[in-house]
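**Q**
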Amino acid sequence: MKTTLRSARREPLLHFLVLGLLILAVDAVAHPRSGDRDIVVDAAVIRDLSTQFETSRGRPPTRPELNELIDGWTINEILYREGRALGLDKGDDMIRERVIHKMRLVVFNNVVIEPPTDAELRAWYEEHRSRFGEPERYDFFDVRVDGHGEEARRLAEETLRAITEGKEPESLRERVRVYRERPRETVVAAFDEAFADALTQLPRGEWQAVPYHDEWHIVRVDAIIAAKPVDFDLARQQIESEWHDDRQRHLALSAVKELGTNYEVHRPEEGG
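The sequence shown begins at 326 in the numbering used here and counts up by one.
1) Helix, strand or coil for residue 459, going by three-state DSSP, please let me know.
2) With residue 371 and residue 588 assumed to form a contact (beta carbons below 8 Å), what rounded beta-carbon distance in angstroms separates them?
3) Which whole runs of the beta strand (DSSP E) in the segment 422 to 500 are 3 residues long or more, in chain order?
4) Tell me whether residue 591 sits in a helix, a strand or coil according to DSSP, three-state version.
5) Kindly list the residues whose CB is nearer than 8 Å to the CB of residue 471, restricted to its own chain and excluding five residues on each side of it in sequence; keep chain order.
6) Measuring CA to CA, which of 421, 431, 567 and 486 is closest to residue 581?
7) Which residues does DSSP list as the beta-bridge partners of residue 365?
8) Which value, in whole angstroms, describes the spacing of the CA atoms of residue 575 and residue 429?
9) Given a threshold of 16 other Cβ atoms within 10 Å of its Cβ, counted over all protein chains shown, does residue 591 qualify as buried or as exposed?
10) By DSSP, does residue 555 sit in helix, in strand, or in coil?
11) Kindly confirm or deny that the segment 449 to 468 and the segment 498 to 505 touch, where touching means at least three C-beta pairs closer than 8 Å.
12) Of the residues 456, 497 and 406, which one's Cα is nearest the Cα of residue 509?
13) Could you please give me the residues that DSSP links to residue 598 through a beta bridge?
14) Please name the residue in 512, 569, 532 and 453 whose C-alpha comes closest to that of residue 485.
15) Count the other CB atoms, across all protein chains shown, that sit within 10 Å of the CB of residue 434; report buried if there are 16 or more and exposed otherwise.
16) So the candidates are 514, 438 and 475; which of them puts its Cα closest to the Cα of residue 386?
17) Please determine, among 557, 537, 461 and 556, the residue with the shortest C-alpha to C-alpha distance to residue 525.
18) Helix, strand or coil, according to DSSP, for residue 506 in the structure here?
19) Taking 8 Å as the limit between beta carbons, can you name the residues of its chain near residue 447, skipping five residues before and five after?
20) Between which two residues does the alpha helix (DSSP H) carrying residue 520 extend?
21) Please report the distance separating the alpha-carbon of residue 404 from that of residue 494.
22) Under 9 Å between the Cβ atoms of residue 547 and residue 561?
23) Following a CB-centred definition, is residue 374 positioned closer than 8 Å to any heavy atom of the ligand ADP?
24) Measure from the alpha carbon of residue 483 to the alpha carbon of each residue in 586, 444, 542 and 390, then state which is nearest.
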């Protein structure tokens, strides 16, 4: 399957961008700007991205997660600058977000996608099977133990021993969180992949101590309900619709990255 942006001769987006870049070039001669092709990911950007992530997830981002956040911020900065260069910011109050949104629409609306072959669609479905049908679901009780590291591990063992002996404190019962038939993706969102995987290995109906980063949790898994896959032929229309959206996002991102070749992105060193 060959899926590309329109040829240069017929591509409205390309014409639009070329015109905008010409306008930008004239503007640059009349009003020189230093460093507008440099994108600097400084400590303030890192701090803001980390704070936003921690506010929504309840923990700091890992290094791979932070790299993804930086990638997303960089893509938005490219969209913002390209949109601003094309004059999409004129008359707007919330300039940055609205320019990014407008530029995103320009890119998305000019991506051309050819229909997939049956083999391509089936291969994509197998890779994304978890999106369709009934997902794996979890029934479990969870209590986060106070403290961190070794202190939390010792307290988890003491708490588990008290539960086994029927002497668990009343305060523990008040802190129990109940998860009923939660899809795996929501468990992963609340915790992470490793925690969800650990739940699948626990004996049913028994309290167990489970590590989670530098924390410890006391968990009882009552049931894990197996996923129920959907029949490909019955769900073909939905599958093709999601494939189309996925492909559109991929090609739009590729188009923005191509625009990004006009910029020098300065990122912090690993571990910095």
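Note that CB positions come from ideal geometry on N, CA and C, so glycine has one too.
**A** Per the coordinate set shown:
1) Stepping through the sequence shown from its first residue, residue 459 is reached at position 134. Residue state, collapsed to three classes: strand.
2) Start at 1 with the first residue of the sequence shown, and residue 371 comes out as number 46. Start at 1 with the first residue of the sequence shown, and residue 588 comes out as number 263. So it is not a contact: roughly 18 Å between Cβ atoms.
3) 462 to 469
4) Reading the sequence shown from its first residue, position 266 is the one you call residue 591. Reduced to three states, the DSSP call for residue 591 is strand.
5) By 1-based counting over the sequence shown, the position of residue 471 is 146. Counting only Cβ-Cβ distances below 8 Å, and skipping sequence neighbours, we find 477 and 480.
6) Position 256 of the sequence shown holds residue 581. The shortest C-alpha separation from residue 581 is found at 431.
7) As a first step, residue 365 is located in the sequence shown; it is residue number 40 there, counting from the start. Answer is 591.
8) By one-based count along the sequence shown, residue 575 stands at place 250. By one-based count along the sequence shown, residue 429 stands at place 104. C-alpha separation (whole angstroms): 13 Å.
9) Translated into the one-based positions of the sequence shown, residue 591 becomes position 266. Burial call: exposed.
10) Within the sequence shown, numbered from 1, the residue matching residue 555 stands at position 230. Three-state DSSP puts residue 555 in coil, outside helix and strand.
11) yes
12) In the sequence shown, the residue the question calls residue 509 occupies position 184. The shortest Cα separation from residue 509 among 456, 497 and 406 belongs to 456.
13) What is shown of the chain runs 326 to 597, which leaves residue 598 out entirely.
14) Your numbering for residue 485 matches position 160 in the sequence shown. Closest by alpha carbon: 532.
15) Mapped onto the sequence shown, residue 434 falls at position 109. So residue 434 counts as exposed.
16) Start at 1 with the first residue of the sequence shown, and residue 386 comes out as number 61. Among 514, 438 and 475, the Cα nearest to that of residue 386 belongs to 514.
17) Translated into positions along the sequence shown, residue 525 becomes position 200. Of 557, 537, 461 and 556, the residue nearest in Cα terms is 461.
18) Position 181 of the sequence shown, counting from 1, holds the residue named residue 506. Three-state result, residue 506: strand.
19) Numbered from its first residue, the sequence shown carries residue 447 at position 122. Answer for residue 447: 557, listed in chain order.
20) Position 195 of the sequence shown, counted from the first residue, corresponds to residue 520. Where residue 520 is concerned, the enclosing alpha helix (DSSP H) stretches over 518 to 526.
21) Residue mapping note: residue 404 aligns to position 79 of the sequence shown, counting from 1. Residue mapping note: residue 494 aligns to position 169 of the sequence shown, counting from 1. Rounded to whole angstroms, residue 404 to residue 494 spans 55 Å at the Cα level.
22) For the purposes of this step, residue 547 is identified with residue 222 of the sequence shown, where counting begins at 1. For the purposes of this step, residue 561 is identified with residue 236 of the sequence shown, where counting begins at 1. Result no, Cβ atoms of residue 547 and residue 561 do not sit closer than 9 Å.
23) For the structure depicted, the ligand ADP is absent and the ligand set is empty, with no information on it obtainable.
24) Mapped onto the sequence shown, residue 483 falls at position 158. Ranking 586, 444, 542 and 390 by Cα distance to residue 483 puts 542 first.
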